[in-house]
Each structure stands twice: as C-alpha cells, then as structure tokens.
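Heads up: the sequence lines are chains B and P, in that order.
Under the working numbering, read the first sequence as residues 15 to 321, first letter to last.
Under the working numbering, read the second sequence as residues 2 to 382, first letter to last.
Everything on this sheet refers to the single structure shown next.
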Amino acid sequence: MSDASLWADVAVAVLGGAIRVGTPFLFVSLGECLTEKSSRINLGLEGVLVLSAMAGFAGSYLTGSPWAGVLLAGVAGALLAMLHGLLCSLPRVNDIATGIALMLLGSGLAFYLGKGLIQPQAAQIPSIELGMWSDSAQVQAALRINALFPLGLALAAVMAWALADTRWGLIVRMAGDSSDAARALGYSVNKVRVLATMAGGFIAGLGGASLSLYYPGSWNEGLSSGQGLIAVALVIFARWRPMACLGAALLFGGAGALGPALQSVGIGWGYHLFNAMPYALTLLILVWTCSPKRALQGAPMELGVSR
Amino acid sequence: MSDSRLAVVFDSVVLPVLALAGALLLFGGFVWLGGASPTETWMLLFKGAFGDAFSWQNTLQRAAPLMLTALCVAIPQRAGLMVIGGEGALVLGGLVCAGLPYLVAPPAGVAGTVLVLLASALVGGAWIALAGVLRQYRGVNETISSLLMSYLAIGLFKHFVEGPMRDPGSLNKPSTLPLNESNLLGLMPGYEVHWGLLWGAVACVAAGLWLFGSTHGFATRVVGGNARAARLVGLPSHRLIITACALGGACAGLAGGIEVAAVHTNANASLIAGLGYTGILVSFVARHNPFAVIPVAILFGGFGSAGSLLQRRLDLPDASVLVLQGFAFVLILASAALRGRMGDWLVQQQAVRAERVAHETSRARLAREQAALDAARKEAA
C-alpha cells in the first residue's frame with residue numbers, strides 16, 4: 015500500500031470519526047452552552063454523560079427500541095443536572111465543587127446500576143448511509159453517520175435562533191448577564207438557572223445515548239473519559255455560540271478519532287498518546303484563547319469561570 | 002461553651018458529621034432499593050473498616066495516599082484555587098518513581114528510597130505548578146486545566162508503561178521493571194502498615210503548621226481569602242499561588258511514589274485507582290484543614306476497605322463505595338448552606354435574652370441579683 019493511499023485512508027477515517035466521535039461532544043457542549051448562558055457552570059456533565067449512557071443502554075436493552083433508550087438517557091441527564099441546579103441554588107454553595115461532586119456521583123451511580131449491562135447487547139441507533147456513491151468500503155464506513163447527528167445539527171441551529179430571537183432565550187441570557195435585570199423584571203433567577211441546567215442536562219444526555227447506542231455502542235466502565243470536561247472547555251473555545259460549538263465538536267471529534275484511525279491502518283505506536291490528543295488540544299486552545307486581563311468576549315457576565 | 006466557640010464547633014465538626022451520617026442513611030436506602038438489607042450493610046461497613054486488626058491494616062494502608070492527595074486539594078484551596086488534578090500528579094509521581102532507575106541507578110538502601118520519592122514529589126509539584134502558572138499568567142480556569150492535565154498524565158503513563166518502560170517479563174499486566182528490593186518502603190516495625198502512613202501524617206501536620214503557624218502560610222491564606230486585598234497590601238500573589246500549587250502537587254506526587262515503592266513495587270495500571278478523586282472528597286469533608294485531613298482520610302480509607310467486604314458478602318458491585326462517596330460529597334456541599342446559621346441563631350438567642358433582661362421589673366431584678374449573690378456565696382464556701 016502506497017504512502018499516499020495510507021494517508022488518504024487515515025484522512026477519510028478521521029473525517030468519518032469527526033462526526034462519529036464528535037456527536038457526544040456536540041450534544042454535551044450544546045447542553046453546557048445553554049447552562050452557561052444562564053451563568054451556571056456544570057462540570058458534572060462528565061457524570062451526566064456516563065449516567066445517561068448507562069440509562070440509554072438500559073432503556074434500549076429493556077424495551078428493545080433505541081429511541082426509548084435515547085429518551086431515557088435525556089431524562090436521566092436532566093435529573094442529575096436538576097440535582098446540580100438545586101444544590102447550586104442553596105446559599106454559599108460553590109458551582110465548581112458541586113460539579114465535581116456530581117461527576118463522582120454520576121459515575122458511581124452509573125457503574126453501580128450498570129453492572130448487569132456490561133455483557134448484553136442493546137438495540138443500536140440506526141445509521142444514515144451517506145457513502146453509497148463510493149465503492150470503497152472505507153469511505154462508506156466513514157460516511158455512515160449517527161442518526162442523532164442531524165438532530166444535533168438542527169438543535170444547534172434552533173438554539174442559536176432561540177437564544178437570540180425568542181423571549182425564552184432572552185430570559186436565559188438575562189439571568190446570565192445580569193441577575194439584577196432579571197429580578198427587576200420579575201423573573202426568579204434561580205428558577206431560570208435550574209431550568210436551563212435541566213434542559214442542558216437533557217441535551218447532554220442525548221450525547222450519552224450516542225456513546226452507548228452508537229459508537230462505541232456498548233456499556234462499560236471506560237466509556238467516557240473526560241469527554242464531558244472537554245465539552246465544557248469547548249464552550250469557552252466557541253465563545254458561547256451554538257454554531258461555533260458545532261464546529262469545535264467536529265474538530266475535537268477528528269482529533270479523538272486520530273488514534274483509532276491510525277490503528278486501523280496498522281500504526282500501533284503511541285496509541286495512548288494519540289488518544290491523549292484531544293486533552294492536549296483542549297488545553298492548548300484554552301491557553302491560547304483565555305487571558306488573565308480581560309473577560310472573554312461573549313462570556314455571560316455573571317459566569318465565574320473565565321476571568 | 003461560649004457562643005462563638007459553639008458556633009465554630011457546629012460548623013466544623015457537627016455539620017460534617019451530620020452530612021456523613023446522612024450519606025450513610027441515603028446509602029442504606031439505596032441498597033435497600035436494590036434488595037439488600039441496610040442494617041447489614043452498615044454493620045459490614047463498620048466491620049470492614051474498623052472491625053478487626055486486618056480491617057484496620059487495610060484501612061490505614063488506603064488512608065496513607067488519601068492524606069497526601071487531599072493535601073493536593075487543600076493547600077491550593079487555601080490560596081484560592083480549586084485544583085482537582087491530584088490523580089495526574091499521583092500517576093506521574095508513580096511513573097517517575099519507577100522510572101528513575103531506568104536513567105540513574107539509585108543507591109541501595111534508604112538513600113535510594115529517598116531519591117526516588119523526592120523525584121516523584123518534584124514531578125508532581127511541577128505538574129500542578131504548571132496548572133497554577135496557566136491560571137495566573139493565562140487566566141485558564143485551574144479546575145478545568147488540572148483535570149485535563151490529569152487525563153494527559155494518565156495517557157502518558159499508559160504510553161510509557163506499555164511501551165518504552167515495559168518489563169518484558171510482565172505479559173498479562175503491563176508494568177515497569179520492579180524497584181530494587183533495598184529501595185522499597187518497608188513495613189513499620191510491629192505494625193503491618195508501611196511507612197507511607199507516617200509520611201502522610203507528617204506531611205499533613207507539616208502543612209498545617211506551615212499554613213497556620215508561619216508567615217508564608219499566612220500570606221498564602223490572605224491571597225486565598227481576598228486576592229485584591231492581598232495585592233493592595235503588596236503580597237506577591239503569583240509566587241504564593243504557584244508555590245501553593247507546587248506544594249500540593251508535591252504531596253500528590255509523593256503519594257504516587259509511595260504507592261509504587263511500598264505497595265506495588267512497580268508502576269502499572271492499578272496505580273490509577275481514583276485516589277486523587279477520593280482525595281478531593283477527603284479535603285472537602287475536612288474543610289480543607291490539613292490537621293483534619295488525617296482522621297477524615299482514615300474514615301474514607303475505611304470506606305474503601307469495607308467496599309471489598311460489601312462486594313463479597315452482599316454481592317454489591319464494587320462501585321457501591323463510589324456511590325457512598327458521591328452521596329457524602331453532595332451532602333457535605335449542601336451542608337455548606339447551613340454554615341453560619343448556628344452562629345446567627347445563637348446571636349439571635351442572645352439578643353432575646355438581653356431584651357428580656359432589659360424589660361424585667363425591678364422586683365424581678367432584685368430577685369435575680371439575690372439569686373446570683375447566693376450562688377456566688379455557695380461557690381465561695
């Protein structure tokens with residue numbers, strides 16, 4: 015096999031992987047974007063991702079329908095995120111510490127309840143074949159996309175429009191930019207934030223369903239490792255714009271797919287290093303885009319995570 | 002007990018104890034929903050943690066690294082940072098401890114042990130100090146960066162342990178070459194626990210003395226309490242914060258080195274056991290006070306040690322300890338909302354009492370003063 019075709023194969027695999035691996039990133043970053051627009055930072059999305067992946071797998075396994083699993087995953091995500099929202103509503107409770115606590119609680123609950131789900135197979139989310147025009151099996155495999163991905167695309171567009179042009183979006187943004195203004199208009203800031211966190215958790219739960227019901231398509235304890243956290247950093251990178259979250263998720267999906275892509279063409283060296291690429295990339299991007307002196311453009315003004 | 006002392010004890014002792022008791026209750030309810038008996042669970046938790054000498058040995062062995070990883074959260078928190086990358090520092094510390102002999106043969110005996118442990122502490126300190134530098138000079142949130150760095154560290158660890166540093170003899174479970182026998186941390190004479198426990202406790206006491214008894218520690222606390230005031234007073238906040246991060250990271254790196262030198266004798270995947278994450282919880286329960294970390298770490302070591310008993314006897318998954326820890330963490334954080342309420346309530350009671358005194362009639366005042374005189378006379382007699 016010539017070098018050129020080798021690299022072409024890797025490129026195609028990365029492209030396909032960008033969508034495959036990027037779908038959970040997309041949903042979690044959209045969910046976190048909504049939460050952070052109301053100026054709550056939910057670091058517990060890592061736990062939400064794992065718990066909703068397990069719930070989705072369980073739902074699909076028990077009912078035989080992957081879409082029931084997807085719904086259950088969303089609900090599980092919303093419930094855990096509701097706990098985060100309620101905890102943070104209490105006085106003197108630190109957002110970030112609560113997120114860490116829910117990361118641990120979500121993972122613990124998921125591993126505990128999911129013990130019986132490691133072996134069985136559950137009905138998977140159907141794929142949409144976009145590569146029918148090609149003869150190459152690799153291109154076909156690369157262009158086989160998750161049925162949830164178009165939903166994510168639509169969600170990003172809807173969220174961008176809703177945050178900018180609807181009353182609900184304005185209320186969420188008000189709670190995020192100026193709680194005084196929201197209170198002056200009679201909205202309960204806490205309630206808005208809890209609802210935004212719950213909605214964000216539901217959306218992130220859809221990403222979890224993608225993990226366990228599409229790729230990798232099974233439930234085990236190593237399913238997610240830091241993807242929820244990368245998504246939180248993605249939102250900062252995307253400057254809290256839903257459409258930019260889409261682009262960032264695809265970029266990171268491609269970076270995350272590099273390791274398996276290289277393995278698929280036989281390059282096994284540095285597997286762990288390539289798998290660590292998304293984290294390094296996230297860190298580099300954070301270093302590049304953050305600044306100690308000024309607040310980031312587009313940051314909700316009440317948010318405490320970016321200085 | 003004076004009112005203010007009572008309020009302080011309530012906030013720092015009673016609330017955490019109540020939160021932990023609540024977590025145990027919730028956990029009992031949780032396993033009951035799964036079909037096991039709560040009372041049996043609680044009894045097994047106690048027995049597995051503190052029941053007999055074997056449990057104690059297990060508990061203390063697990064508590065040793067927890068003391069150090071909790072310091073990795075507590076010391077930076079006192080400087081105002083929320084660093085949760087102790088897992089990464091621990092893993093890198095373990096890697097360097099097992100990896101130093103590949104580069105430089107350490108001298109035999111205690112000197113060699115000190116050398117490898119020092120190396121692991123240095124690496125851990127540098128790792129977390131990097132997170133501090135990123136925060137101070139680039140404004141990157143330290144929670145996110147330290148957690149990302151810990152995933153990076155785990156990736157690096159796996160790469161080296163399964164690749165360049167792999168022991169050819171380790172087939173099933175990739176690990177590095179074992180440390181020289183003479184460089185291992187032995188057991189304390191008379192007890193079945195390794196020296197790492199003592200070093201953990203010493204580190205906690207030293208950290209507490211530094212934090213509360215030295216000028217540098219005080220300056221760190223000022224920076225943590227109010228960064229702007231610290232800058233107004235002219236404290237070198239960057240240096241203080243990065244030093245605090247380095248100290249915390251050194252403790253976590255040392256924990257990794259001790260785990261390799263005392264427990265595993267080489268670096269392999271069982272080093273990545275979530276000790277860093279449990280350390281976060283230990284630090285929160287101890288209210289980030291290094292002295293309090295010692296008993297809390299023993300308690301959480303007990304939970305971990307009881308987990309295997311729960312698994313064997315009640316057939317509960319080993320993630321049950323994670324669930325208990327999750328409940329404990331959530332309740333500890335929720336109890337923060339009640340902090341200060343006792344103090345407020347006591348002040349309120351005092352105001353009511355004072356008002357009562359101000360409004361009493363002169364006859365009642367005479368009676369009260371007579372009673373006080375009688376009591377004083379009785380005491381003097």
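Each residue gets a CB set at the ideal place from its N, CA and C atoms; glycine is no exception.
Contact with chain P by residue i, beta-carbon distance below 9 Å
{"i": "F71(B)", "result": "no"}
{"i": "E235(B)", "result": "yes"}
{"i": "S320(B)", "result": "At S320(B), the pLDDT of 44 sits below 50, so the modelled position is not reliable; the number obtained from the coordinates is stated separately. True, the Cβ-Cβ gap to chain P drops below 9 Å."}
{"i": "G312(B)", "result": "no"}
{"i": "F266(B)", "result": "no"}
{"i": "P164(B)", "result": "no"}
{"i": "V107(B)", "result": "yes"}
{"i": "F125(B)", "result": "yes"}
{"i": "L169(B)", "result": "no"}
{"i": "G122(B)", "result": "yes"}
{"i": "K334(B)", "result": "Absent from the structure is residue 334(B), since the part of chain B shown begins at 15 and ends at 321."}
{"i": "I13(B)", "result": "No statement about residue 13(B) is possible, as the shown extent of chain B runs from 15 to 321 and does not include it."}
{"i": "R207(B)", "result": "no"}
{"i": "A161(B)", "result": "no"}
{"i": "A115(B)", "result": "yes"}
Which residues DSSP lists as bridging residue i, in chain order
{"i": "L104(P)", "result": "Partner(s): none; L104(P) has no beta bridge."}
{"i": "L188(P)", "result": "H195(P)"}
{"i": "T177(P)", "result": "R167(P)"}
{"i": "N269(P)", "result": "S176(P)"}
{"i": "I142(B)", "result": "I159(B)"}
Residue of the options minimising C-alpha distance to residue i
{"i": "L116(B)", "options": "A176(B), G242(B), P306(B)", "result": "G242(B)"}
{"i": "N56(B)", "options": "L63(B), E46(B), V64(B)", "result": "E46(B)"}
{"i": "P292(B)", "options": "L162(B), G31(B), S19(B)", "result": "G31(B)"}
{"i": "A99(P)", "options": "A368(P), V124(P), L241(P), N59(P)", "result": "V124(P)"}
{"i": "L272(P)", "options": "D345(P), V84(P), V162(P)", "result": "V162(P)"}
{"i": "D23(B)", "options": "Q154(B), M188(B), G236(B), G61(B)", "result": "Q154(B)"}
{"i": "G197(P)", "options": "T70(P), P17(P), E380(P)", "result": "T70(P)"}
{"i": "A25(B)", "options": "V64(B), L297(B), S278(B), M315(B)", "result": "S278(B)"}
{"i": "A64(P)", "options": "F219(P), G303(P), T244(P)", "result": "G303(P)"}
{"i": "A178(B)", "options": "P256(B), E235(B), L93(B), S224(B)", "result": "P256(B)"}
{"i": "F266(B)", "options": "A124(B), A218(B), L297(B)", "result": "L297(B)"}
{"i": "G312(B)", "options": "A252(B), G273(B), H286(B), P274(B)", "result": "A252(B)"}
{"i": "G94(P)", "options": "N269(P), P296(P), A376(P)", "result": "N269(P)"}
{"i": "L317(B)", "options": "A69(B), I110(B), W81(B), L65(B)", "result": "I110(B)"}
{"i": "A329(P)", "options": "L27(P), L7(P), S13(P), V234(P)", "result": "L27(P)"}
{"i": "L237(B)", "options": "A90(B), I132(B), L157(B)", "result": "I132(B)"}
{"i": "I250(B)", "options": "G240(B), Q138(B), A262(B)", "result": "A262(B)"}
{"i": "V203(P)", "options": "A256(P), R314(P), L323(P), L282(P)", "result": "A256(P)"}
{"i": "S321(P)", "options": "W33(P), A8(P), H217(P), S146(P)", "result": "W33(P)"}
Test: residue i CB closer than 9 Å to a CB of chain B
{"i": "E41(P)", "result": "no"}
{"i": "F330(P)", "result": "yes"}
{"i": "A335(P)", "result": "yes"}
{"i": "K379(P)", "result": "no"}
{"i": "R229(P)", "result": "no"}
{"i": "E88(P)", "result": "no"}
{"i": "L160(P)", "result": "The displayed chain sequence assigns His, not Leu, to residue 160(P). Yes, because at least one Cβ of chain B sits closer than 9 Å to the Cβ of H160(P)."}
{"i": "Q349(P)", "result": "no"}
{"i": "Q137(P)", "result": "yes"}
{"i": "L93(P)", "result": "no"}
{"i": "I242(P)", "result": "no"}
For residue j and residue i, believed in contact at Cβ under 8 Å, the rounded distance
{"i": "Q294(B)", "j": "L153(P)", "result": "Residue 294(B) is actually Ala in this sequence, not Gln. Contact holds; Cβ gap of about 6 Å."}
{"i": "G113(B)", "j": "H98(B)", "result": "7 Å"}
{"i": "L334(P)", "j": "L101(B)", "result": "6 Å"}
{"i": "M166(P)", "j": "T177(P)", "result": "5 Å"}
{"i": "L260(B)", "j": "L167(B)", "result": "7 Å"}
{"i": "K307(B)", "j": "R187(B)", "result": "Actually they are not in contact, since the Cβ atoms of K307(B) and R187(B) sit about 25 Å apart, beyond 8 Å."}
{"i": "V92(P)", "j": "A132(P)", "result": "Not really, about 15 Å apart at Cβ, beyond 8 Å."}
{"i": "S336(P)", "j": "L19(P)", "result": "7 Å"}
{"i": "S53(B)", "j": "P314(B)", "result": "5 Å"}
{"i": "A338(P)", "j": "R106(B)", "result": "6 Å"}
Point to revise | Residues of the segment 310 to 327 of chain P with Cβ closer than 9 Å to any Cβ of chain B, in chain order | key: L317, P318, D319, A320, S321, V322, L323, V324, L325, Q326, G327
Check your understanding: When Cβ atoms are compared, which residues of the segment 272 to 304 of chain B fall closer than 7 Å to chain P?
Key -> G284, H286, L287, N289, A290, Y293, A294, T296, L297, L300, V301, C304
**Study point:** Residues of the segment 167 to 196 of chain P with Cβ closer than 7 Å to any Cβ of chain B, in chain order
**Key:** none
Review point. Of the residues that make up the segment 238 to 251 of chain B, which ones have a beta carbon closer than 9 Å to any beta carbon in chain P?
Key: S239, G240, L243, I244, V246, A247, I250
Practice item. Identify each residue in the segment 125 to 142 of chain B for which the Cβ-Cβ distance to at least one residue of chain P is less than 8 Å, and report them in chain order. Key: F125, Y126, K129
**Study point:** Contacting positions in the segment 263 to 295 of chain P - beta carbon closer than 8 Å to chain B
**Key:** Y278, I281, L282, F285
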